[in-house]
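Just below is one structure, and these are the notes that go with it.
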Amino acid sequence: MDTQTELLSIVLTLESSPQPGSEVPAWWGRAAHAFVLDLIRQSDERLAVEIHDGDGLKPFTVSTLIPVKPGPAEGGALYRLRITGLTAAVCTILKTALRTGGALAPGKEIELDYRTFTIREPGDQLPAAEWLGSGRYDALAASKLSSAAQPPRRFGLVFTSPTAFHQAEKTMPLPLPGLVFGSLLERWNSFAPIQFPPEARRYAEECLGISSFDLNSRPAWVKNGGLRLGAVGEVGYTALTYDRYWQSVLDVLAGLALFSGVGVMTAQGFGQCRRLPDI
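Laid out in structure tokens, this is it:
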């Protein structure tokens with residue numbers, strides 16, 4: 001098994017095939033989830049069963065289909081589909097599938113919600129480099145915790161798909177500091193070989209403030225016709241009380257966001273997130 005990559009973010013370019021009379025779904029998150037789970041099943045059926053049957057966090061995330069270039073109703077539109085892996089096992093499956101002749105190689109056809117798409121070379125429709133990446137948990141942690149530089153006082157995050165959280169048995173669609181970094185902490189401690197103290201969540205709640213935001217509400221249809229509301233946009237978080245160690249921990253968690261997303265249903269297209277350049 002490839003043990004070098006534990007975190008991976010890839011972006012596929014998909015071309016729609018002719019679907020006469022077919023209504024295009026507004027949300028592809030569940031279809032993308034099913035596709036990735038089947039991709040895992042083809043390589044490791046036991047792992048796929050564990051992911052499907054488990055109640056915990058999923059070791060991958062997906063986006064909904066992101067329109068790139070419109071096309072006629074009979075096909076030819078281009079989309080992007082983003083997939084991330086949070087464990088070495090999932091990353092290995094994704095990297096193998098990307099190789100020549102693999103299930104995710106250009107020219108291969110995939111099915112989403114009974115509709116056929118062909119994987120294409122991105123050509124001049126290159127995905128933003130900020131959404132691509134790979135790494136390891138220990139390297140990400142060491143790059144921040146062992147650095148001689150002062151950790152930043154401010155973190156900026158961009159949320160590009162509806163983002164929401166569970167709070168007191170309710171859905172909270174606002175990316176408050178404790179919810180965002182608490183979600184990242186939960187994901188880190190679920191998959192990383194080294195753990196961060198739970199007090200990191202409390203530090204974010206009590207010592208970070210929102211210094212800027214540009215948010216909109218965004219609904220998405222989910223299972224059984226339900227509607228879930230989330231936030232999209234940008235938020236700046238600034239330390240009101242600065243502590244070098246805790247800011248370093250949050251610095252690591254902000255870097256994890258690219259791979260893990262934040263909030264609920266990240267394996268079904270919600271909570272797509274990445275860090276903005278430090279300012």
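Numbering (my numbering), first residue to last: 1 to 279. No residue lacks a Cβ here, since even glycine has one placed at the ideal position from N, Cα and C.
Residue j beta carbon less than 9 Å from that of residue i
i, j, result
"glutamate 205", "glycine 236", "no"
"arginine 244", "glutamine 150", "yes"
"leucine 145", "leucine 12", "no"
"phenylalanine 259", "glycine 135", "yes"
"threonine 64", "threonine 84", "no"
"glutamine 268", "histidine 33", "yes"
"glycine 156", "proline 277", "yes"
"phenylalanine 191", "leucine 94", "no"
"alanine 142", "alanine 231", "no"
"arginine 82", "serine 147", "no"
"isoleucine 119", "glutamate 111", "no"
"lysine 170", "arginine 30", "no"
"isoleucine 66", "lysine 58", "no"
"alanine 88", "aspartate 44", "no"
"proline 127", "arginine 80", "yes"
"proline 198", "glycine 263", "no"
Span of the beta strand (DSSP E), counted from its first residue to its last, around residue i
i, result
"leucine 12", "7-16"
"valine 232", "227-239"
"tyrosine 79", "78-85"
"phenylalanine 270", "Phenylalanine 270 -> no beta strand (DSSP E), and no H or E assigned at all."
"proline 67", "66-69"
"methionine 172", "170-172"
"valine 62", "60-62"
Proximal residues to residue i (C-beta, below 7 Å), its chain only, five neighbours per side dropped
i, result
"alanine 26", "Trp221"
"leucine 185", "Phe196, Ala200, Arg201, Leu253"
"glycine 76", "Glu15, Ser16"
"leucine 227", "Pro219, Trp221"
"arginine 99", "Ala105"
"tyrosine 242", "Arg153"
"alanine 97", "Leu39, Ala103, Leu104"
"alanine 48", "Leu37, Ile40, Arg41"
Spatial neighbours of residue i in its chain, beta-carbon cut-off 6 Å, leaving aside the 5 residues before and after
i, result
"glutamine 209", "For the sequence presented, residue 209 should be read as glycine rather than glutamine. Counting only Cβ-Cβ distances below 6 Å, and skipping sequence neighbours, we find Thr238, Leu240."
"alanine 139", "none"
"glutamate 121", "Pro106"
"glutamine 272", "Ser63, Thr160, Ser161, Gly261"
"threonine 5", "Cys91, Ser134"
"phenylalanine 213", "Val235"
"aspartate 2", "Caution is warranted here: a pLDDT of 45 is assigned to aspartate 2, below 50, making its placement in the model unreliable, and the coordinate value is therefore given only provisionally. Excluding sequence neighbours, aspartate 2 sits near Thr92."
"leucine 215", "Ala231, Gly233"
"proline 173", "Ala164, Leu229, Gly230, Ala231"
"tyrosine 203", "Trp246"
"threonine 266", "Thr61"
Boundaries (first-last residue) of the alpha helix (DSSP H) holding residue i
i, result
"phenylalanine 35", "29-43"
"valine 249", "244-260"
Cutoff 8 Å; reference residue i; Cβ partners in own chain excluding five residues on either side
i, result
"serine 211", "Arg154, Gly236, Tyr237, Thr238"
"leucine 256", "Leu7, Leu140, Leu184, Arg187, Trp188"
"proline 152", "Gln247, Asp251, Asp278"
"isoleucine 194", "Tyr137, Asp138, Ala141"
The ligand SAM heavy atom lying under 8 Å from the CB of residue i
i, result
"phenylalanine 270", "Summarising the ligand content, the structure contains no ligands, and the ligand SAM is consequently not present."
Practice task
Could I get the ranges of all uninterrupted alpha helix (DSSP H) runs contained in the segment 99-166, with 4 residues as the minimum, in chain order?
Solution key: 137-145
Handout entry: Segments of 4+ residues assigned as alpha helix (DSSP H) that fall wholly inside the segment 183-216
Key = 199-207
Practice task
Determine, using beta-carbon pairs with one atom in the segment 40-50 and one in the segment 111-131, whether at least three such pairs fall under 8 Å.
Solution key: no
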